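Numbering (the working numbering), first residue to last: 11 to 72.
Glycine included, each C-beta is placed from N, C-alpha and C at the ideal position.
Remember, predicted model here, so these are calculated numbers, not experimental data.
Below is one structure; the comments refer to it alone.
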């Protein structure tokens, strides 16, 4: 009986932790949409960084 009470307590503790995780309030589909949007943003920002880095480098003349 004591083991069962301990398991319930542990389960409730973990449930509270999971509920605090960011994004849990969104459905799976919403999470996937948000993930795709973030991936697109990351890709665009990487491209912009490369663009600005290439412009910032002094041109080498031969």
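- In this model, residue 37 and residue 49 are separated by some 18 Å (Cα to Cα).
- At least 8 Å separates the beta-carbon of residue 33 from that of residue 43.
- DSSP, reduced to helix, strand and coil, places residue 62 within a helical segment of the structure shown.
- Following the DSSP letters along the chain, one finds residue 25 inside the alpha helix (DSSP H) bounded by residues 12 to 29.
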